[in-house]
Every structure is written in C-alpha cells, then in structure tokens.
Amino acid sequence: MADCLGFCRGVEHALALFQSAAAASPEPLYVLYELVHNRAVSEQMRRQGAVFVSSLDQVPAGSRLLIGAHGLPLALHEQARQKGLRVIDATCQLVKKLHALAASVPPEATLLLLGKAGHPEAIGILGHSGSPNTCLIQSLEELEALPPLRQPVLLTQTTVNHNEVQAVREAFCRRFPDGRCPVSICAASRQRQEAVEKLARRTELVLVIGSSHSSNARRLCECALQAGTPAVLIENADSIPEAVQAVRRLGLSAGASTPEYLIAHTVERLLAMGFTLQKDSLPPDNHGQ
Ligand code: SF4
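When we follow my numbering, the leftmost residue of the sequence shown carries the number 982, and every step to the right adds one.
Written out as structure tokens, the structure reads:
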C-alpha cells in the first residue's frame, strides 16, 4: 500500500462544508457539476439532500449553491450573485491561489495553462484570467507548437502529472526566456504521484482506487506505468480484476477524492484473497531507473 493515498485536505474541507450545510437545513443544496470527482461520494451526498446540476439555469433563484473543490470561473460567480444564490464556496485553497495567479496576468500578456480540456478546474482557472489572451495546452508537443508569445505566464492544473509538469516547464523556459512559470501543481497530488511511483518500482501490478473521471486518480495510473508497472483504475472492491490472482506483489493506491472506506473494503477483499498487507514506508529503490 502506498505511503500516501486517499483524501487530501482540499477534499476533506469540501466534504466538511457539505456536511455542516446539510445538517444546518433540510432545504435542497444545489451542487454545480460535482463536489469532488468520486461516484460513491456523490451518491452519498445525494442521499443527504444534494442536488447535482450541470448549469446554474437549473438552480432556482435564492437557493443554496455549493461550489465544488475544483472552483468556478468568475462569470459563474457573477451569475450566482445575480440570481441571489446563497453560495457556500468549497473551492480548494490551492485552486484559489491559482485563480489569484491567473487574475494577476496583465491584459497584454498571455496565460498558458497546462491542463485537461473540459476539466472544471481548468475552466475555472482560465475564467479568472486578467488577460483576454488565454491558451490551454495539454502536452509538451502542444507547447512546442505555439507561435511566439508576448510575456507568457505558464500555470498548471493542480493534478497534472508531475513528470510532465517538469518537462513542460523546462521547455517553456527555453522557448520563452522572458516568460514566468510559478509552480502550481499541489503538494498533495505530487506526494501521491511520487508514492505510487515508489510502489510501482517494487510491484508487478498496481491497483488505483478512484472514479474514471477523476483526473488525479488517472494520473496515479499514468505515474505507475511510467515507473514501469501496469496499473488498473478500479471504482471499488467489486472491480478488482482477475489478473491480481496471478500477481505475487501487488501495489495499492487511491486518488485524492477516494473515501477511506473504499480503501478499507478493497484491503479486506485482498486479504480474503490471500494477500498480506505491507504499508510502503521503505526508501525508493533504483530498480528500473
Ligand atoms: S488535489 Fe490538491 S488542489 Fe485538488 S483538492 Fe486536493 S489539495 Fe486541493
């Protein structure tokens, strides 16, 4: 088991805000998109009165609106204000820092964001830009293909693969010597990625518990694979693949939005299958490097 896995502080904070809002009143609590990207968490929230919507047009004027950990663009904050919505803002503090960095980009400069197209966090960050010149890039190749830019500022979505961030930052500094690239991947994402890489180097297969639309859980699979070990994303203990039967050393990790009980159920199931549990606390070895 990875030495760092499961809920990060941002997710814990968002869920704590939801629990206190749900306890404070029985009236519906509207959530635009999702609070965090995990199906089990959203299902539990639905049972406690959360109403998930895909547009603010679906939220009656004056209702309560919970903003998820990924944050929202400024235009949606403004729309919520105009509708008189009572906003409970669970945007992660680290995402808010990115919003502030984006807002500080001067109008004549260009904001580049390394992230995933369509991800709410990426949309939210671009939606706080102080410059009308914004560009989302999803890979090193897309950065290399950019035309010359004036005063570019590079930000990265918090859950991007830390190896990719490093490569893109280096290429950015080479291509745009007058550009700025403040570090913006969050420590929680980086620690989970480094932990799964360490684990992958001494196991034959890695299971990552998380939902398929969770960016950070998918990055953990990617990091395991880059460290040389196949990885499978599983929703919960019921989706443990048969392939584990043929494995002697299995790695286990979980995304930052995966609840503890899903991790515990998966461990229980693996113990019942004959595995023994070892928490990974050894220093990283050099196998495969
Ligand atoms: S992964 Fe990082 S940025 Fe995202 S909610 Fe957790 S602490 Fe915040």
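Note that CB positions come from ideal geometry on N, CA and C, so glycine has one too.
**Asked** Is I966 helix, strand or coil by DSSP?
**Response** Nothing in the structure corresponds to residue 966, since the chain is present only between 982 and 1270.
**Request:** Evaluate the contact criterion for the segment 1099-1111 versus the segment 1054-1068: three or more CB pairs, one atom per stretch, below 8 Å.
**Result:** The segment 1099-1111, when compared against the segment 1054-1068, does touch it at the 8 Å Cβ threshold.
**Message:** Considering Cα atoms alone, identify which of I1221, D1261 and A1235 is closest to A1253.
**Reply:** I1221
**Prompt:** Can you tell me whether DSSP reads G1099 as helix, strand or coil?
**Reply:** Here G1099 carries a coil assignment [DSSP, helix/strand/coil].
**Item:** Strand pairing of C1116, partner residues [DSSP]
**Value:** DSSP output for C1116 lists L1093 as bridge partner(s).
**Prompt:** Pick from I1244, P1158, P1211 and L1135: whose alpha carbon is nearest that of A1224?
**Reply:** P1211
**Request:** Can you say whether Y1011 is buried or exposed, counting buried as having 16 or more other CB atoms within 10 angstroms of its CB?
**Result:** Around the beta carbon of Y1011, 16 or more other beta carbons lie within 10 angstroms, which makes this residue buried.
**When T1139, I1244, S1238 and A1235 are compared against Q1074, the one with the closest alpha-carbon** = Residue T1139 is the option with its Cα nearest to Q1074.
**Asked** Is the closest heavy atom of ligand 1 to the C-beta of V992 under 7 Å?
**Response** yes
**Prompt:** Expressed to the nearest angstrom, what Euclidean distance is found between the alpha-carbon atoms of L1135 and A983?
**Reply:** C-alpha separation (whole angstroms): 31 Å.
**Message:** Suppose the cutoff is 8 Å on Cβ atoms and the five residues either side in sequence are ignored; what does the same chain contact list for S1193 look like?
**Reply:** If we look at S1193 and ignore the five residues flanking it on each side, its Cβ neighbours are R1199, L1214 and E1216.
**Prompt:** For Q1226, is the classification buried or exposed, using 16 other Cβ atoms within 10 angstroms of its Cβ as the cut-off for buried?
**Reply:** exposed
**Message:** Classify V1164: buried if its beta carbon has 16 or more other beta carbons within 10 angstroms, exposed otherwise.
**Reply:** exposed
**Asked** Along the chain, where does the beta strand (DSSP E) that runs through S1234 open and close?
**Response** For S1234, the enclosing beta strand (DSSP E) has its first and last residue at L1231 to A1235.
**Message:** Does D1289 come out as helix, strand or coil in the three-state DSSP assignment?
**Reply:** The requested residue 1289 is not part of the displayed model; the chain covers only 982 to 1270.
**Request:** Starting from A1002, follow the alpha helix (DSSP H) in both directions and report where the run begins and ends.
**Result:** R990 to A1005
**Asked** DSSP beta-bridge partners for Y1011?
**Response** V1032 and L1046
**Message:** In whole angstroms, give me the CA-to-CA distance for S1195 and T1247.
**Reply:** Distance between the alpha carbons of S1195 and T1247: 18 Å.
**Proximity test, S1170 beta-carbon vs ligand 1 heavy atom, cut-off 7 Å** = yes
**Asked** For A1212, which beta-bridge partners are listed by DSSP?
**Response** V1187
**Boundaries (first-last residue) of the beta strand (DSSP E) holding L946** = Outside the displayed range of the chain (982 to 1270) lies residue 946, so it cannot be described from this structure.
**Request:** With distances taken Cα to Cα, identify the nearest neighbour of K1097 among E1145, V1032, L1047 and P1088.
**Result:** E1145
**Message:** I'd like the list of long-range same chain contacts for E1241, defined as Cβ closer than 8 Å, with 5 residues on each side in sequence excluded.
**Reply:** G987 and F988
**Asked** Any chance the CB of V1076 is under 7 Å from a heavy atom of ligand 1?
**Response** yes
**Minimum C-alpha distance to K1064 - residue among G1232, G1043, A1152 and A1148** = G1043
**Request:** Drop a sphere of 10 angstroms on the beta-carbon of L1258, count the other beta-carbons inside from all chains shown, and report buried for 16 or more, exposed for fewer.
**Result:** Around the CB of L1258, fewer than 16 other CB atoms lie within 10 Å, so the residue is classed as exposed.
**Request:** Compare the C-alpha of G1099 against each of T1091, E1089 and I1118 and name the closest.
**Result:** I1118
**Message:** Taking 7 Å as the cut-off, is the C-beta of N934 nearer than that to any heavy atom in ligand 1?
**Reply:** There is simply no residue 934 to check, as the chain begins at 982 and stops at 1270 in what is shown.
**Item:** Pairwise C-alpha distance: P1133 and F1157
**Value:** 7 Å
**Three-state class that DSSP yields for R1182 in the structure shown** = coil
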